[in-house]
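Protein chains: 2
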Amino acid sequence: MKTIADIAKIAGVAKSTVSRYLNGGSVSEETKKKIELVIEETGYAPNAFAQSLKAKKTNIIGTIIPRLDSYATSRTLMGIDERLRELNYHMLVSNTGQDLTREIENIYTLAKQKVAGIILLATEVTDAHLKAIQEIDIPVLLVGQQHDNVYSLVHDDETAGYAIGKYIAQRGHKKIAFLGVGEYDVAVGVKRKKGFAQAVSEHTADVEARFFETTFSMSDAAERAGQLFDEFSPSAVVCATDNLAIGAMKAAYQKKLRVPMDVSITGFGGYEVTAMMNPSLTTVRIHFTEAGHTAASHIAKLVKGEDVPKLTYSRFDLILRESVDIRTNHLL
Amino acid sequence: MKTIADIAKIAGVAKSTVSRYLNGGSVSEETKKKIELVIEETGYAPNAFAQSLKAKKTNIIGTIIPRLDSYATSRTLMGIDERLRELNYHMLVSNTGQDLTREIENIYTLAKQKVAGIILLATEVTDAHLKAIQEIDIPVLLVGQQHDNVYSLVHDDETAGYAIGKYIAQRGHKKIAFLGVGEYDVAVGVKRKKGFAQAVSEHTADVEARFFETTFSMSDAAERAGQLFDEFSPSAVVCATDNLAIGAMKAAYQKKLRVPMDVSITGFGGYEVTAMMNPSLTTVRIHFTEAGHTAASHIAKLVKGEDVPKLTYSRFDLILRESVDIRTNHLL
DNA sequence: TTCTTTATTGGAACCGGTTCCTTAATCAGC
DNA sequence: GCTGATTAAGGAACCGGTTCCAATAAAGAA
């Protein structure tokens, strides 16, 4: 592979002149022609590392994600990647396998790699996170979680949870199960539940809400939902993710419960597959790709030293489909 | 941020000694202690670029993928990332949005970034690909596609297609529809179809197979499947991906066709959600994560100059579930 | 015609590491 | 006590770019 020195020698000029040519300094038309020709012929491409060494930064944005096999993550990454490409950055992905220690480790490793900025799709923000973020001298953007000391982009899970809770309560459901995940994931495990709880609590009258917990896995959700139908026999099950809802629908099917006649089910996320379910699933659509775009734009600005809002909310909307039925009192 | 020179000065030794300490050269116990202390205090971490500049390579493996919102891709990436981490590499992801030009571009860009190796999840291998792969002087591993001149890891789509075709034919189906995608994706669009076609052709007797085409999108698949039911009214629909099968099931539901009593449906991929469908979907499971592991191991070996088989097949197996029924002649 | 000014260009230093070479010091063997 | 081997450490060169500074030449001003 050719270096800038080779090009310079072949073109009969100095390294600095070639560098100037490449970076738009003052070079005569004549020399420009010569250098252009040589570069054309040799297919020369500057070594990005040598450049970064001097510039002390790269055009790589690191993203740290808890898992790759998640609709939310891959959609968000798509958005990030798309926008980043437009802005002439590359995306380096670090998967942590939902391991908190590795999340911290990765922050330091990315810093060592001298990435220009870091987008952190965290599940939780601990003191160790804050310490790491402070120590490395690199802009960090939090996506999906929020902390006052860090630039954050959140999905407003609480309001969304409230919206779906309100919707279900307004349809006359009195016995509502909430199928969620552990509180280690603040956005999904805490915020969504909290918003939902708030909504149903406003219908104090005679609504009974019960909270159940499972993992992010569909099959675990199916199993838990199966038990839940026996224990509680709710008229509606509000699930904290679409995958859980898919599991719940499976369980209902196995218990010979008809959706939505016997039990209404809702999801959370807006995965494409929810439209294909039978019946199609009422859910909250979160605009992950759009959020990814925003995240990329924000981190790019931060890298350039420009300012962005400390906290940004992404959009969501309710998608009303077939899996929810109206319940009037006399039917109960 | 401190440099090695700072550390050396503080510890009262030469840069080279610190470097030797870090890389396990001969350093006296006494100096080791001194340097260790200083590094501890300052939180010094070597600049990865300066290291790469000298070493002329990085510990980053670039992966080029057509799309992120695909089960196959994200599973494969998971596998790659997991194994790569064990081997002390990082994964740089470049998404091409199914744009062939960008696939080529990305090969060059990654080369400029001096990644140690490239894993290419291509949809097709053109001359431009081969040219790019040759020009950059970096090991490349093809995943999901195969070419004689490039190290390849393939999913043996043809054999798998044959297996599912055989299975359906043996269950007595006589009118079989194959719902596939365009031939621009060689593995999915060509190989799977070819294997299937071979299998049914061996049941020359009275099997009628018809081939239909759609995109990778579930909703497009649902629409196409809807038409197909009207045009052809098959007793079985073999789909080239699980997403297409999900679309087909939706279409069947809308047409009031019962699965599998009226029509059998099969998928391809083994996505988790197929187990949750009602009825659950018979499909071919491809071991994407495992393939990712293998891909990572192979590229690491290639980077180190070790040899690996030019062509490796990943495993697959048939998962027999509820969506396929036996057809005996008198029922038709 | 001579002095400035301006446009190009070359040379050298630097970014932060690694590595080769040399020297100094310690130690064993005779 | 002297010689050769071995270990520890420093110094300098190098990786492949960028950038600052000085030098030269050409052009414009006086």
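Sequences listed follow chains S and B, in order.
Under UniProt numbering, the first residue of the first sequence carries the number 1, and numbering increases by one thereafter.
Under UniProt numbering, the first residue of the second sequence carries the number 1, and numbering increases by one thereafter.
Where a beta carbon is used, it is the ideal one built from N, C-alpha and C, also for glycine.
Everything numeric in this text was worked out from a predicted model, so none of it was measured.
Using DSSP with H/G/I as helix, E/B as strand and the rest coil, what is residue i?
| i | result |
| --- | --- |
| B/R321 | coil |
| B/H298 | helix |
| S/L311 | strand |
| S/F212 | strand |
| S/T3 | coil |
| B/Y151 | strand |
| S/A55 | helix |
| B/V237 | strand |
| B/A8 | helix |
| B/M276 | helix |
| S/G62 | strand |
| B/G305 | coil |
| S/G292 | helix |
| B/F316 | strand |
Quick check on this structure: which residue in the options has the alpha carbon closest to the alpha carbon of residue i?
| i | options | result |
| --- | --- | --- |
| S/R75 | B/R75, B/S70, B/T76, B/G79 | B/S70 |
| B/T63 | B/H155, B/I299, B/V284 | B/I299 |
| B/T17 | B/K2, B/I35, B/T3, B/M1 | B/I35 |
| S/M1 | S/E30, S/G24, S/A45, S/A8 | S/A45 |
| S/I326 | S/F229, S/S26, S/I286, S/V259 | S/V259 |
| B/E135 | S/G144, S/E41, S/Q98 | S/E41 |
| S/A8 | S/A240, S/G25, S/T31, S/S26 | S/T31 |
| S/L179 | S/S152, S/A251, S/A132, S/Y151 | S/A251 |
| S/Q145 | S/T109, S/K174, S/A187, S/T159 | S/A187 |
| B/L318 | B/T282, B/I107, B/G189 | B/T282 |
| B/I176 | B/V93, B/F49, B/S201, B/F216 | B/S201 |
| residue 336 of chain B | B/L120, B/L311, B/V115, B/R20 | For residue 336 of chain B there is no data in the structure shown, the boundaries of chain B being 1 and 332. |
| B/K310 | B/N95, B/V154, B/Q254 | B/V154 |
| residue 347 of chain S | S/V150, S/E124, S/I39, S/T126 | As displayed, chain S neither begins before 1 nor continues past 332, which places residue 347 of chain S out of reach and without an answer. |
| S/A72 | S/T289, S/K112, S/Y313 | S/T289 |
| B/A240 | B/Y313, B/K256, B/E183, B/D262 | B/E183 |
Along the chain, where does the beta strand (DSSP E) containing residue i start, and where does it finish?
| i | result |
| --- | --- |
| S/M78 | It is not in any beta strand (DSSP E) - S/M78 instead sits in the alpha helix (DSSP H) that spans 71–86. |
| B/F178 | 175–181 |
| S/L142 | 140–143 |
| S/R327 | Counting along the chain, S/R327 falls outside any beta strand (DSSP E), and DSSP gives it neither H nor E. |
| S/A264 | Here residue 264 of chain S turns out to be Ser, not Ala, going by the sequence shown. First-last of the beta strand (DSSP E) with S/S264: 264–266. |
| S/A245 | Segment 242–254 is the alpha helix (DSSP H) holding S/A245; no beta strand (DSSP E) there. |
| B/T283 | 283–286 |
Would you give the residue range spanned by the alpha helix (DSSP H) that residue i belongs to?
| i | result |
| --- | --- |
| S/L68 | Careful: S/L68 lies outside any alpha helix (DSSP H) and carries neither H nor E. |
| S/R192 | 192–201 |
| S/V18 | 15–23 |
| S/I38 | Note that residue 38 of chain S is Val in the sequence shown here, rather than Ile. Element bounds for S/V38: 29–42. |
| S/A222 | 218–232 |
| B/A187 | From DSSP, B/A187 is part of no alpha helix (DSSP H); its letter is neither H nor E. |
| B/K166 | 157–170 |
Any heavy atom of the ligand ZN within a distance shorter than 7 Å of the CB on residue i?
| i | result |
| --- | --- |
| S/L84 | In the structure shown, the ligand ZN is absent, as is every other ligand, since no ligand is present at all. |
Could you tell me whether the stretch 200–215 of chain S touches the stretch 150–169 of chain S, using the rule of 3 or more Cβ pairs below 8 Å?
yes
List in chain order: all unbroken alpha helix (DSSP H) runs of 4+ residues lying wholly within the stretch 94–135 of chain S.
100–112, 127–135
Inspect the CB distances between the stretch 140–153 of chain B and the stretch 286–295 of chain B and report whether three or more fall short of 8 Å.
yes
Determine contact between the stretch 188–198 of chain B and the stretch 157–165 of chain B, defined as no fewer than three beta-carbon pairs at a distance below 8 Å.
yes
Within 8 Å, do at least three Cβ pairs link the stretch 237–256 of chain B to the stretch 215–224 of chain B?
yes
Mind the definition here: the stretch 302–309 of chain S touches the stretch 264–280 of chain S only if three or more C-beta pairs lie below 8 Å; say whether that holds.
no
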